[in-house]
Amino acid sequence: MAVTAEVPEPINAFLDTPTPPEWLNEACNRLPELLLDHANCELKAASTALGFIYRYSDRTALSYRMSRLAREELRHFEQARVLMDEMEIPFEHLSASRYAGQLRQAVRREEPNQLLDMLLIGALIEARSCERFAALIPRLPDNLSRFYESLLASEARHFEHYLEFAKNEVDISEQDFNKRLEELKSLEARLIADPDEQFRFHSGVPSPPANKDQARSRAYS
Ligand SMILES: [Fe+2]
Ligand SMILES: [Fe+2]
Numbered sequence: 224m225a226v227t228a229e230v231p232e233p234i235n236a237f238l239d240t241p242t243p244p245e246w247l248n249e250a251c252n253r254l255p256e257l258l259l260d261h262a263n264c265e266l267k268a269a270s271t272a273l274g275f276i277y278r279y280s281d282r283t284a285l286s287y288r289m290s291r292l293a294r295e296e297l298r299h300f301e302q303a304r305v306l307m308d309e310m311e312i313p314f315e316h317l318s319a320s321r322y323a324g325q326l327r328q329a330v331r332r333e334e335p336n337q338l339l340d341m342l343l344i345g346a347l348i349e350a351r352s353c354e355r356f357a358a359l360i361p362r363l364p365d366n367l368s369r370f371y372e373s374l375l376a377s378e379a380r381h382f383e384h385y386l387e388f389a390k391n392e393v394d395i396s397e398q399d400f401n402k403r404l405e406e407l408k409s410l411e412a413r414l415i416a417d418p419d420e421q422f423r424f425h426s427g428v429p430s431p432p433a434n435k436d437q438a439r440s441r442a443y444s
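For any residue, its number in the numbering used here is found by taking its place in the sequence shown, counting from 1, and adding 223.
#1: Sorry if obvious, but does the Cβ on H384 come closer than 6 Å to a heavy atom of ligand 1?
#2: Mapping the DSSP letters down to three states, classify P418 as helix, strand or coil.
#3: State yes or no: is the beta carbon of E265 nearer than 7 Å to at least one beta carbon in chain C?
#4: Quick check on the DSSP output: what are the complete alpha helix (DSSP H) runs of length 4 or more inside the region 287-328, in order along the chain?
#5: In angstroms with no decimal places, state the Cα-to-Cα distance between V428 and Q421.
#6: Mind checking whether A350 and F237 have CB atoms under 7 Å apart?
#7: Going by Cα to Cα distance, which pick from P241, E229, A228 and T227 is closest to I415?
#8: Throw me the rounded Cβ distance for the L292 and H381 pair, which I believe falls under 8 Å.
#9: Please determine whether the Cβ atom of E354 lies at a distance below 6 Å from any heavy atom of ligand 1.
#10: Heavy atom of ligand 2 less than 6 Å from the Cβ of H381, yes or no?
#11: Assuming L317 contacts N263 (C-beta within less than 8 Å), just tell me the rounded distance between them.
#12: Rounded to the nearest angstrom, what separates Q337 and R331 at their Cα positions?
#13: Would a C-beta distance cut-off of 7 Å place L285 and L343 closer than the cut-off?
#14: With distances taken Cα to Cα, identify the nearest neighbour of E229 among K402, A376, L339 and F300.
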């Protein structure tokens, strides 16, 4: 019997757009690439959490939370790698996706705006991961759907933590907070809904490469 999963309501309400069905269809046809990028994302999530500890070492509550989060993301990375080994998918390091790259570019360089943007982007990425896991679960083979089911609650919790810290660590008006949150949410939704030549865990609507050489190399990959 197919496993089903619900996206927690606060996450549905937080994201401006759901994952498009075209991406889900593509993902089901490209499971090795999905799992490889997912493993990379877990490693990057751990590294991002460590980055907060280095950069904001004077913020005690944030440092403890990020330390726990980094350990949890590393555990997810190990679990993804075990599944990859079982499925004989080689691991390789992948460069940043359009999604992560453009969200990172949106981070303002002066404090405390930088901290606020990084925390809000953390909340968005965790929320999107959770939403994608839930959408994928009923469509995947048993071993993968069980794994993604086990991650759903953690990523939902990570979303809550990032959002809480964004609200509590930065002293700005509610109006300014909401304005920035809306800007980043709509950027995130555009990256999910726009055509994307590259297939990744957080890519947009799959679109064929415009460049013929890329199309050829993709056909033979
Ligand atoms: Fe994770
Ligand atoms: Fe996470």
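Ideal placement from N, C-alpha and C gives every residue a C-beta, glycine not left out. All values reported here derive from a predicted model rather than from experimental measurement.
Let me lay it out:
#1: no
#2: strand
#3: The displayed structure is made up of one protein chain only, and chain C is not part of it.
#4: 321-328
#5: 9 Å
#6: yes
#7: P241
#8: 6 Å
#9: no
#10: yes
#11: 5 Å
#12: 5 Å
#13: no
#14: A376
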